[in-house]
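Numbering (the numbering used here), first residue to last: 2 to 277.
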């Protein structure tokens, strides 16, 4: 056997070994695959009656696994769908080609973002329901009497790398700028996802982070250690592909307008039209 072939086999064995680390067995079975630009959580639909796949896009990994569980265990139980894939990547990486091909059956986004990709997107996706207005807070490791420049002296601020994230990037930077607070680059800490950022904050690796106030990791955080930055008009909407049966859309809508999803992606029940 040549040295080249042996080297290739060694590399392949290492790859397979590392891949196996990310696979575990549960009910429902969940797997998590990650790359620099695309990540996903998979699960198997309970008592599946078919072989179809239901694909969901969300802009962040926050609550991706609980969302997958809801669809596999409840919403699509005994349906024609075999599995559910919840995918996430930054908003700027969602492409027009993906929308045109209707690669996702359910998309969490905003009207202006979809319109920027495909002007006539309503022929491909229709709004199933929308979230109400939501607050963006600045959480701190200390009591916040006021948000001033002196408060940030030799302290760090955690932010999301996603430049289109209003709550984790845009609004916090804009709010600080409006307060004439300037932070040098060495005081900023960048995170790929919200869970990573909250974990670092909980471990006191950063002094400040922006948050919505509904994150599990911040549930017991003192209200005296947060300050309101801005109240936003809407967290976004769920858009359903026109290729999905209306009956499935009704099941999703009924569930999401119920109190059962309080805290999953919003601090209150979802606003919107009457259930089907």
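Cβ coordinates follow ideal geometry from the N, Cα and C atoms, glycine included.
query	result
Burial state of residue 24, where buried means 16 or more other Cβ atoms lie within 10 Å	Because residue 24 sits at a pLDDT of 28, beneath the cut-off of 50, its placement in the model cannot be relied upon, and the point is left open.
Contact set for residue 167: own chain, Cβ-Cβ below 7 Å, skip 5 residues either direction	233
C-alpha distance - residue 237 paired with residue 83, whole-angstrom precision	28 Å
Extent of the continuous alpha helix (DSSP H) to which residue 72 belongs	No alpha helix (DSSP H) contains residue 72, which DSSP labels as neither H nor E.
Local conformation of residue 244 per DSSP, three classes	coil
Collapsed DSSP secondary structure at residue 34 in the structure displayed	Note on residue 34: pLDDT 40, under 50, position unreliable in the model; no value is reported.
Cβ pair residue 107, residue 57 closer than 8 Å	yes
Nearest-angstrom Cα separation, counted from residue 127 out to residue 110	12 Å
Best match in 231, 88, 156 and 98 for proximity to residue 137 [C-alpha to C-alpha]	231
Span of the alpha helix (DSSP H), counted from its first residue to its last, around residue 203	195-203
Residue of 116, 145 and 141 minimising C-alpha distance to residue 101	116
Segment contact flag, the region 222-230 with the region 92-101, C-beta cutoff 8 Å, min 3 pairs	no
Nearest candidate by alpha-carbon position, reference residue 203, set 194, 218 and 119	218
Spatial neighbours of residue 216 in its chain, beta-carbon cut-off 6 Å, leaving aside the 5 residues before and after	199
Sequence-distant residues of its chain with Cβ nearer than 8 Å to residue 173 (five each side left out)	137, 139, 158, 160, 211 and 230
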